[in-house]
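Numbering (our numbering), first residue to last: 460 to 586.
For glycine and all other residues, C-beta sits at the position ideal for the given N, C-alpha and C.
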């Protein structure tokens, strides 16, 4: 997202939705295996406490980056909004990668994802 923001030179709701949609599309296609491994690691960490610290560190970093993005977009409570947005994003990823319909449902294109992400951002900004 940092590289995308630098390339765009602006940050507003539309550019944030487009950027996040591009990132989600990458995670659902090119980086699919990495995201599946991340979910597997999360589940394994519930059984192996020694994995929890690194997973927690990564999760806090993702939430901090998301909170900064939401703050820049005007969120009145960026921390709680980031928690919601990250949870929604993880749910979206899990559903398309490993959910009950994952094997039969095509990955949406970046334009479709931008519509979904814009709704998620609007909801997070009002939280």
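Residues of the same chain with a CB within less than 8 Å of the CB of residue 488, apart from the 5 flanking positions on each side, are 566 in chain order.
Taking the Cβ atoms as the reference, residue 584 lies roughly 11 Å from residue 476, outside the contact range of under 8 Å. With 16 or more other Cβ atoms from the protein chains shown falling within 10 Å of its own Cβ, residue 551 counts as buried.
Taking residue 582 as reference, the option from 506, 515, 510 and 529 with the minimal CA-CA separation is 529. Counting only residues of its own chain and dropping the five nearest sequence neighbours on each side, residue 480 has a CB closer than 7 Å to the CB of 569, 572, 573 and 576.
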